[in-house]
Structure formats: structure tokens, C-alpha cells
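Working notes for the structure below.
In full-length UniProt numbering, the protein residues as written are 1 to 348.
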């Protein structure tokens with residue numbers, strides 16, 4: 001099965017700039033209004049994501065946005081500009097707090113929440129904003145000027161939805177190959193992703209060890225046996241998952257909540273400043289595919305249901321900073337690499 005090609009490209013990838021267009025000191029910290037640290041760390045990591053910041057600082061979204069009401073892209077644009085341009089040492093992320101329910105219905109103001117879940121909901125809200133505002137207005141205009149059939153023709157297909165600025169920055173594709181152990185016939189499938197969650201319960205001394213385990217073929221159990229189209233019967237099979245198309249920004253979550261016991265996994269997992277994705281690609285041959293670490297999120301506390309989130313980010317001046325709510329302090333890469341990381345952000 002081949003990957004479906006998009007009918008149209010919503011945001012051209014060649015317009016993405018991975019290097020900072022403006023170099024300056026780090027921006028403002030973010031006030032904590034009571035259990036809002038999970039929001040603060042995600043906002044800071046996104047603020048210091050160069051291709052996203054470059055795009056939003058250019059006003060290209062807000063100048064063309066036709067969205068009525070809440071728009072997460074407009075909210076992020078205003079927030080990033082406020083953080084990076086404010087003379088204050090700390091600001092209040094008021095717009096994000098006000099519209100928290102639009103980002104994710106499950107979030108309750110004043111209640112401690114999970115930073116990873118908030119990141120996923122934020123990216124989803126940004127994706128919806130990239131599609132709904134322009135798309136709905138475009139369809140409405142078509143309905144006024146042409147027939148309904150033509151409007152349906154211009155509907156955004158799934159593959160085209162994966163060409164927004166959000167997917168062009170954070171999105172990649174996984175390839176799943178199932179191999180019949182009887183006749184060696186293979187079945188391939190592909191799935192888009194905006195982040196990758198990693199199980200660190202076993203064989204997790206380092207990030208590279210975890211990734212090697214992810215791409216190692218695994219035999220499917222009895223419940224997962226598939227019907228081989230060549231053997232024409234259910235057969236034993238193995239499954240291998242690889243990165244088929246690497247994202248420009250790779251977001252990794254080291255799952256620290258043990259799903260069986262509910263306890264926090266506090267082990268240290270070594271992670272590099274520079275990560276080569278080539279060994280984990282569908283095509284492991286070729287030039288190295290290097291990614292550079294630019295942000296991490298750390299959780300402190302005995303359980304995943306309580307505690308505190310803080311982050312470390314690399315500013316546009318190339319220096320690292322510890323961002324603990326309203327406090328922004330300089331640090332070095334050795335400090336960054338010595339943390340019990342929860343979320344890792346790498347940029348190609």
C-alpha cells in the first residue's frame with residue numbers, strides 16, 4: 001500500500017525557515033497562576049521552536065486568517081510576539097488561560113494537568129485553525145459563486161490536511177511493515193504523526209537504546225495474527241515500525257507514568273545533544289539525518305498527578321536557559337543533558 005498523495009499543498013515546505021530570522025536575548029518568563037506550569041512549559045518550548053516562531057512573527061497567518069472567534073494560530077502568534085518583544089521580565093499568558101476550554105475540553109483551570117497532553121491538544125488546535133478558517137470561508141465563497149458540486153470538489157482530503165504549516169514543521173510519517181513468517185509476503189501501511197511517545201520501562205538506559213527497540217521487528221501474538229493475502233489464511237507474522245518521513249521538528253515523550261501501576265518512572269534516560277535519525281528510518285542507508293536538541297520539559301515530583309513542570313530552551317542567541325515559570329536563568333548544555341527529561345524537542 002502506497003502513501004496517498006495530497007490533492008493540494010496547503011503550505012509549501014520550501015517556505016519554512018529552520019534558522020532564526022531574528023537573534024536576540026531570551027524573552028519573558030510566564031507567571032504561574034496556580035497549577036499552570038504545564039501550560040507555561042509547552043508555550044515556552046513552542047515559542048523557541050525556530051520555524052514556528054519565524055512564521056508567526058512574520059504576521060503571515062493573522063493577515064490572511066478568516067477564522068471567526070477563537071483561533072489557536074492567532075493566539076500563538078500574539079503570545080510569541082509578546083514573550084519575545086516584551087520589556088518585562090515575566091508576562092501572563094492570559095489569552096491561552098482564557099481560551100483553555102477551546103484548546104482541550106478536559107482541561108480545568110487551577111487543576112494540575114499533564115504537559116504532554118496539553119502539547120498534543122495545542123498542536124491539534126493549531127491544526128484545526130490552519131484548516132477551518134481558510135477552508136470554511138473558501139467553501140462559503142464557492143457556494144455563493146458556483147455549484148455545490150464544485151465546492152465538494154475542493155474539499156480538503158486527508159493527505160492535503162497533512163500539508164499545513166503545523167504538519168510541515170512537526171509532522172512525519174511512520175511505516176508499519178507486517179511480514180508473513182510463512183511466505184515472507186509483506187503488507188505496508190503509513191500513519192502521520194506530530195509526536196512520538198516512547199516506553200521507557202525496559203531497555204531504557206538511553207534514548208538511542210529505546211529507539212533501537214522501537215524499530216526492532218516484533219512477532220505478533222495470537223490475537224494480532226493477520227490474514228495473509230498470499231497464504232489466504234491467518235498466519236504468524238512479524239511487525240516492524242520505522243520512521244518513513246522524518247519531521248523537521250521531532251517531539252519525543254519519554255512516558256514516565258507506568259500504565260500498570262500508575263507510579264512515576266523516575267529513571268534517568270540519557271539523551272544526546274545531536275541525534276541521528278538515519279538508523280531508525282525505513283531507508284537506513286544514506287547520509288546521517290542529524291537533529292539538534294533545542295528544548296526539554298522536566299517534571300519534578302513523586303507522582304505524575306502532582307508536582308511541577310519546568311523547561312530548558314535554547315534561545316535565538318544560541319544559549320541555553322532554564323525557564324521555571326516567571327524565572328529565566330542562563331545555564332549550560334551539560335546541565336540540560338543531565339535532567340530527568342519528560343519531553344524532548346529536536347530540530348533538523
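We put the CB at the ideal spot given by N, CA and C, even for glycine.
Its chain contains 256, 303 and 304 as the residues whose beta carbon lies nearer than 6 Å to that of residue 264, once the 5 sequence neighbours on both sides are disregarded; these appear in chain order. Linking residue 7 to residue 160 through their CA atoms gives a straight-line distance of about 6 Å.
The continuous beta strand (DSSP E) containing residue 309 extends over residues 308–314. Per the Cβ contact rule, the region 329–342 is not in contact with the region 58–77 (fewer than 3 Cβ pairs under 8 Å).
The continuous stretches of beta strand (DSSP E) do not include residue 75, which lies in the alpha helix (DSSP H) extending over residues 72–85.
Judged by DSSP in its simplified three-state form, residue 48 adopts coil rather than helix or strand. In the DSSP assignment, residue 255 falls within the beta strand (DSSP E) that extends over 249–255. In this structure, residue 275 sits away from residue 254, with a CB-CB distance that is not shorter than 9 Å. Cβ-Cβ separation between residue 228 and residue 44: approximately 49 Å, too far for a contact (criterion under 8 Å). If you look at residue 202, you'll find it isn't in any alpha helix (DSSP H); DSSP assigns it neither H nor E. The alpha-carbon separation between residue 178 and residue 322 amounts to approximately 43 Å.
Here residue 299 is buried, its C-beta having at least 16 other C-beta atoms within 10 Å. Here the alpha carbons of residue 240 and residue 219 stand approximately 9 Å from one another. In the displayed model, residue 91 falls within a strand according to three-state DSSP.
Residue burial annotation: residue 248 is buried, with at least 16 other C-beta atoms found within 10 angstroms of its C-beta. Residue state for residue 174 is assigned as strand, using DSSP reduced to three classes. Under DSSP, residue 29 takes part in a beta bridge, and its partners are 90. Annotation: the continuous alpha helix (DSSP H) that includes residue 63 extends over 60–64. Taking C-beta separations shorter than 8 Å and ignoring five residues to either side along the sequence, the partners of residue 38 in its chain run 112, 113, 114, 115, 118 and 309, following chain order. Residue 106 sits close to residue 121, with the two beta carbons spaced by under 9 Å. Per DSSP, reduced to three states, the secondary structure at residue 194 is coil, with no helix or strand assignment. For residue 156, no beta strand (DSSP E) segment is defined, and its DSSP state is neither H nor E. Only exposed fits residue 183, as fewer than 16 other CB atoms lie within 10 angstroms of its CB.
Under DSSP, residue 226 shares a beta bridge with 235. Boundaries of the alpha helix (DSSP H) harbouring residue 102: 100–103, taken from the DSSP string. The region 315–339 is shown to contain whole alpha helix (DSSP H) runs of 4 or more residues at 333–337, in chain order.
Within the same chain, and ignoring the five residues on either side of residue 215 in sequence, the residues whose Cβ sits closer than 7 Å to its Cβ are 240, 241, 242 and 280. The alpha-carbon separation between residue 10 and residue 164 amounts to approximately 5 Å. With three or more CB-CB distances shorter than 8 Å, the region 195–209 counts as touching the region 258–273. Per DSSP, residue 41 has no beta-bridge partner at all.
Residue 35 has its alpha-carbon roughly 13 Å from the corresponding atom of residue 93. In this structure, 172 is the residue among 172, 129, 79 and 339 with its C-alpha nearest to the C-alpha of residue 347.
Remark: C-beta atoms of residue 82 and residue 28 approach each other more closely than 9 Å. For the pair residue 176 and residue 3, the Cα-to-Cα distance works out to about 12 Å.
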